[in-house]
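Here is the structure we will look at, set down as structure tokens.
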Amino acid sequence: MTAAYVHVPFCARVCPYCDFAVVAGKDELTERYFDALLAEIDMEPAAGPLESVFIGGGTPSRVAPELLKGVIDRLAERFGLVDDVEVSLEANPEDWTPGVADGFSMAGINRVSFGVQSFDDEVLAGLGRMHTAPDGGVAVARARGAGFDSVSLDLIFSSPGESPGSWAATVETAIALQPDHISTYALTVERGTELSRQVLAGAAAPDPDDQADKYELARTALVANGFTHYEVSNYARPGHECRYNLNTWRQGDYLAFGLGAHGHRDGVRRRNVRRFEAYLDMVEQDQPPEAGREVIAAWDAELERVFLGVRMRTGVAAGAVGPVLAADPEGQALVEAGKLEVTANSILVLDPLFTDAVARVVLGLARPSDTRVTGNG
Ligand SMILES: C[S@@+](CC[C@H](N)C(=O)[O-])C[C@H]1O[C@@H](n2cnc3c(N)ncnc32)[C@H](O)[C@@H]1O
Ligand code: SF4
Numbered sequence: 105m106t107a108a109y110v111h112v113p114f115c116a117r118v119c120p121y122c123d124f125a126v127v128a129g130k131d132e133l134t135e136r137y138f139d140a141l142l143a144e145i146d147m148e149p150a151a152g153p154l155e156s157v158f159i160g161g162g163t164p165s166r167v168a169p170e171l172l173k174g175v176i177d178r179l180a181e182r183f184g185l186v187d188d189v190e191v192s193l194e195a196n197p198e199d200w201t202p203g204v205a206d207g208f209s210m211a212g213i214n215r216v217s218f219g220v221q222s223f224d225d226e227v228l229a230g231l232g233r234m235h236t237a238p239d240g241g242v243a244v245a246r247a248r249g250a251g252f253d254s255v256s257l258d259l260i261f262s263s264p265g266e267s268p269g270s271w272a273a274t275v276e277t278a279i280a281l282q283p284d285h286i287s288t289y290a291l292t293v294e295r296g297t298e299l300s301r302q303v304l305a306g307a308a309a310p311d312p313d314d315q316a317d318k319y320e321l322a323r324t325a326l327v328a329n330g331f332t333h334y335e336v337s338n339y340a341r342p343g344h345e346c347r348y349n350l351n352t353w354r355q356g357d358y359l360a361f362g363l364g365a366h367g368h369r370d371g372v373r374r375r376n377v378r379r380f381e382a383y384l385d386m387v388e389q390d391q392p393p394e395a396g397r398e399v400i401a402a403w404d405a406e407l408e409r410v411f412l413g414v415r416m417r418t419g420v421a422a423g424a425v426g427p428v429l430a431a432d433p434e435g436q437a438l439v440e441a442g443k444l445e446v447t448a449n450s451i452l453v454l455d456p457l458f459t460d461a462v463a464r465v466v467l468g469l470a471r472p473s474d475t476r477v478t479g480n481g
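Residues are numbered in our numbering as their position in the sequence shown, beginning at 1, plus a constant of 104.
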């Protein structure tokens, strides 16, 4: 399966917790950036057809739908799109005016993911968000009105000052809006962000017990309301799992365009530069805007297959890693604690709160010795 990621870095301002490749105060360079995106798409060798496209950010909903249409059309010309292609857009609720929603729909986008984060105005203010709680509901209604096939909400839990009751109400409100898909993320303190500076200066860091309780609260409520918990942080109504994300967790190929974008193709992982001016300069000089690439060795690819695959609630084929994980002392401890199941066929995390712990063990597994007893007796 082939997918494409397109990064749009523009934001109105930088949220204190965000460490994505974003720029604020550079909107006047939007058209130049989109010219560079088209040029970068033209540099990519033939591939496809694309089964999913993910336009992420940054804040893609800040740019004119015609610019995104130009990118989607160029992807279609260069690689082709399957008939039922999924084209997702990340959107901030405050941008989602009625005209904009129709424009994005006409541009060929059929799935929208709103960065709602919370339905509590105090929590939103603490996160430095520009929208208010009611804006989330308005955005969903407008997306429905514009005919989007799939509407998703991103929620963040354990933000500073968020009480258990506030999170429960956020989950309840999200469910009442009847989206097709919900992602729930624990607030992560990323190095170099304003939030990390606050924590270093003595502000309270997110509490792991609070995070675990809120994770479970959301999981129980969402599953009880008909959502399938298909990945550690993701829930969907049947048929609305995010195809782009499923492809990345299944080690599919994804082309990547734009500032700081990461791609994976034919066993090679590559990442683009994160400095905005460097990205523009390199593409304008007909140079791929790459910061690095890595050929994934066979055993590393196998570890990665499991590392990514255990995120999914269906588990992952045991393959060559299964026996090594089952024989590893830390792997055995997780099995004995009832957190992990390793059979001859599959590897399955039984308690999603232990997914990261399992992934860490998997990444540390040494390649089994190539010395084998062979012969005909
Ligand atoms: C990078 S944002 C881009 C979309 C859009 N600009 C927005 O803010 O919603 C994608 C999602 O990542 C999640 N996110 C970003 N930084 C995070 C952090 N430090 N901890 C947890 N979730 C985070 C948020 O839920 C957000 O909706
Ligand atoms: S969280 Fe979203 S809106 Fe905030 S800075 Fe990051 S990408 Fe921009």
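The beta-carbon is built from N, C-alpha and C at its ideal position, and this holds for glycine as well.
Local Cβ density within 10 Å of residue i, reported as buried at 16 or more and exposed below that
i, result
"residue 274", "buried"
"residue 147", "exposed"
"residue 327", "exposed"
"residue 144", "buried"
"residue 210", "exposed"
"residue 481", "Note on residue 481: pLDDT 29, under 50, position unreliable in the model; the coordinate value appears next. By the neighbour-count rule (16 or more Cβ atoms within 10 Å), residue 481 is not buried but exposed."
"residue 338", "buried"
"residue 349", "buried"
"residue 355", "buried"
"residue 474", "Note that residue 474 scores a pLDDT of 48, beneath 50, so its modelled location is shaky and nothing firm can be said."
"residue 476", "Unreliable placement is indicated for residue 476, whose pLDDT of 40 sits below 50; no coordinate value is reported for it."
"residue 267", "exposed"
"residue 468", "exposed"
Limits of the unbroken beta strand (DSSP E) element including residue i
i, result
"residue 221", "215-221"
"residue 287", "285-290"
"residue 451", "450-453"
"residue 260", "254-261"
"residue 192", "185-195"
"residue 375", "372-376"
Check: residue i C-beta below 7 Å from any heavy atom of ligand 1
i, result
"residue 284", "no"
"residue 121", "yes"
"residue 213", "no"
"residue 77", "Here the chain has residues from 105 to 481 only, and residue 77 is not among them."
"residue 349", "no"
"residue 391", "no"
"residue 302", "no"
"residue 260", "yes"
"residue 194", "yes"
"residue 228", "no"
"residue 291", "yes"
"residue 240", "no"
"residue 265", "no"
"residue 160", "yes"
Contact test: residue i Cβ vs ligand 2 heavy atom, cutoff 7 Å
i, result
"residue 124", "yes"
"residue 129", "no"
"residue 163", "yes"
"residue 118", "yes"
"residue 296", "no"
"residue 219", "yes"
Distance, residue j Cα to residue i Cα
i, j, result
"residue 263", "residue 336", "19 Å"
"residue 461", "residue 323", "19 Å"
"residue 482", "residue 108", "With the chain running from 105 to 481 in the structure shown, residue 482 is simply not present."
"residue 372", "residue 403", "14 Å"
"residue 260", "residue 292", "9 Å"
"residue 455", "residue 443", "5 Å"
"residue 391", "residue 382", "11 Å"
"residue 397", "residue 367", "9 Å"
"residue 424", "residue 452", "15 Å"
"residue 459", "residue 128", "34 Å"
"residue 332", "residue 319", "15 Å"
"residue 394", "residue 365", "9 Å"
"residue 360", "residue 375", "8 Å"
"residue 254", "residue 242", "16 Å"
"residue 240", "residue 399", "42 Å"
"residue 276", "residue 283", "12 Å"
"residue 222", "residue 160", "20 Å"
"residue 185", "residue 156", "8 Å"
"residue 272", "residue 224", "11 Å"
"residue 281", "residue 244", "7 Å"
"residue 406", "residue 346", "23 Å"
"residue 111", "residue 362", "5 Å"
The alpha helix (DSSP H) enclosing residue i, as first and last residue numbers
i, result
"residue 328", "312-328"
"residue 349", "347-353"
"residue 487", "Any question about residue 487 goes unanswered here, given that the chain covers just 105 to 481."
"residue 335", "Unbroken run through residue 335 is the beta strand (DSSP E), 332-335; no alpha helix (DSSP H)."
"residue 425", "425-431"
"residue 138", "134-147"
Is it true that the stretch 222-232 meets the stretch 179-199, where meeting means three or more beta-carbon pairs spaced less than 8 Å apart? no
Cβ contact (3+ pairs, closer than 8 Å) linking the stretch 216-227 and the stretch 174-191: no
Counting beta carbon pairs with one atom in the stretch 118-127 and one in the stretch 195-205, are three or more of them shorter than 8 Å? no
Given 8 Å, three or more beta-carbon pairs between the stretch 287-301 and the stretch 245-259: yes
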